[in-house]
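Enquirer: Mind having a look at this structure? Questions to follow.
2 protein chains.
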Amino acid sequence: MGRWEPGAAGRLREAALALYAERGYDGTTVADIADRAGVTARTFFRHFADKREVLFAGSEQLEQHMVKALAEAPASATPMETVAAAVLASSDLFDTIPQEYSRRRQAVISSTPELRERELIKLATLTTALTQALLDRGVEPDVAALAAETGVAVFRVAFGRWIAAPEGPDGVAFADVIRSTLDNLSGLTA
Amino acid sequence: MGRWEPGAAGRLREAALALYAERGYDGTTVADIADRAGVTARTFFRHFADKREVLFAGSEQLEQHMVKALAEAPASATPMETVAAAVLASSDLFDTIPQEYSRRRQAVISSTPELRERELIKLATLTTALTQALLDRGVEPDVAALAAETGVAVFRVAFGRWIAAPEGPDGVAFADVIRSTLDNLSGLTA
DNA sequence: CTTCGTGATGTCAGTTGGTGACATCACCAC
DNA sequence: GTGGTGATGTCACCAACTGACATCACGAAG
Chain A
1 MGRWEPGAAG RLREAALALY AERGYDGTTV ADIADRAGVT ARTFFRHFAD
51 KREVLFAGSE QLEQHMVKAL AEAPASATPM ETVAAAVLAS SDLFDTIPQE
101 YSRRRQAVIS STPELREREL IKLATLTTAL TQALLDRGVE PDVAALAAET
151 GVAVFRVAFG RWIAAPEGPD GVAFADVIRS TLDNLSGLTA
Chain B
1 MGRWEPGAAG RLREAALALY AERGYDGTTV ADIADRAGVT ARTFFRHFAD
51 KREVLFAGSE QLEQHMVKAL AEAPASATPM ETVAAAVLAS SDLFDTIPQE
101 YSRRRQAVIS STPELREREL IKLATLTTAL TQALLDRGVE PDVAALAAET
151 GVAVFRVAFG RWIAAPEGPD GVAFADVIRS TLDNLSGLTA
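Note that the protein sequences, when read in sequence, are chains A and B. So for the first sequence, UniProt numbering puts the first residue at 1; every next one is plus one. So for the second sequence, UniProt numbering puts the first residue at 1; every next one is plus one.
Here's what the structure looks like:
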């Protein structure tokens, strides 16, 4: 596994986020990102399929983690409880990185239509993965689809609340926000 | 309003759908579409922001129509009934064009990631528009967001079922499929 | 210590999406 | 018929991507 400076993909991710935040997505060229990371533009496209994908590196990992949590939920759990477990498990991954990173990343995504599109398709993919995991547990197709869709909606809302919450020592744990959002959902359907 | 051959935008839409279906989205260049429509590539971009947008021309119209129906719902209706009225009204627009057109269009979109992304952001825009319309009626923010999200989910599912249904004289009316899907939803939350 | 293979990177040429600037043409109003 | 106006054509250009091929670091085999 020979190479010059290890961690090219990580450097490209950092450089991209910094430049997108600084000059905006449109004002940043792939060559700019590659320069800052100390590689060429061609190398950028060897690590990421396109200029958008560089901000969505962890999405497969998140999907796998949530599907795993869903599959490992007790057999006695209802479909919605099962999905809730998967959504709660997502906080494991976000706890390993500084919240400030998530915040800056989301600010860039929210303000760039092209990145919003990519984010939406990632969530759609997550939805179908959760649906499939529910089907594997023997849940009825209609119920599975609706439960997965609802779970992703909860994730969406909770993530937005967590990002908007204050940071630092008096910050809120993502898992708590998810629990609160799930409570809200119960209240609505009651 | 002077021009050479009227209806350039319409010809471009037809040409794009035909070529996307025939050679695939990636196998079609904007120059190809423009050639078939009898214009230049530059003119294509004067009518449509990009290569994807050409398939989503009616979306603002659909959004306006649904928002209008939502706003005109009786004041006595619950938020979910209000949203249901908006979703039902969407069938008005689809009844004016051949179902075969919707089918071919959806086949292309479903098989092309870039077009799927664009479709998702259109539905996200529709969701926020419905949410805003509910807020204008005085509905609580949390309820409004959830109701809008649920309504769009119903539209999504119903549209998929309608597209998959047989065509021709023994075809199904879109409005009936929507009503059936709304019934399913009631059953799920019961 | 040399050689050799392998994987990551650089280089280069090319296609395509997309945009700005300017010229041009058809049509309508006066 | 003259002039204005809006849609179109033309041209030049940048940036996103891609395929083909060369090259370099490093580790394994001798």
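Think of the CB as a built atom: it goes at the ideal place given N, C-alpha and C, for glycine as much as any other residue.
(1) Between which two residues does the alpha helix (DSSP H) carrying B:F45 extend?
(2) Closest to B:R13 by CA distance: which of B:R179, B:A31, B:A37 is it?
(3) Using 9 angstroms as the threshold, is the C-beta distance between B:L19 and B:R104 below it?
(4) Mind listing which residues of the segment 91-119 of chain B have their C-beta closer than 8 angstroms to chain A's C-betas, in chain order?
(5) Round the Cβ separation of B:S110 and B:R118 to the nearest angstrom and send it over; I've been treating them as touching at under 8 angstroms.
(6) Check each candidate in A:F155, A:D50, A:R11, A:G10 and name the one with the smallest Cα separation from A:L62.
(7) In three-state DSSP terms, what is B:E140?
(8) Which residues of chain A have a Cβ atom closer than 8 angstroms to the Cβ of B:L149, listed in chain order?
(9) Using DSSP with H/G/I as helix, E/B as strand and the rest coil, what is B:V67?
(10) Name the two residues that bound the continuous alpha helix (DSSP H) containing B:A75.
(11) State the DSSP-derived secondary structure class of A:V172, mapped to helix, strand or coil.
(12) Classify A:A49 as buried or exposed, calling it buried when 16 or more other Cβ atoms lie within 10 Å of its own Cβ.
(13) Hey, does A:L134 have any beta-carbon neighbour from chain B nearer than 9 angstroms?
(14) Are the segment 82-91 of chain A and the segment 128-139 of chain A touching by the rule of at least three beta carbon pairs closer than 8 angstroms?
(15) Check the Cβ of B:A124 against every Cβ in chain A and list those closer than 7 angstroms, keeping chain order.
(16) Leaving out the 5 sequence neighbours to the left and right, which residues in its chain are closer than 6 angstroms to B:V67 when beta-carbon positions are compared?
(17) Quick check: the Cα distance between A:D170 and A:S102, rounded to an integer number of angstroms?
(18) I'd like to know if A:V143 contacts chain B, where contact means its C-beta is closer than 9 angstroms to some C-beta of that chain.
Expert: Let me spell this out:
(1) 41-47
(2) B:A37
(3) no
(4) P113, R116, E117, R118
(5) Incorrect: roughly 12 angstroms between the Cβ atoms, too far for contact.
(6) A:F155
(7) coil
(8) Sequence check: residue 149 of chain B is Glu here, not Leu. Chain A residues near B:E149: A153.
(9) helix
(10) It is not in any alpha helix (DSSP H) - B:A75 carries neither H nor E in the DSSP assignment.
(11) coil
(12) exposed
(13) no
(14) yes
(15) L120
(16) A129, A133
(17) 17 angstroms
(18) yes
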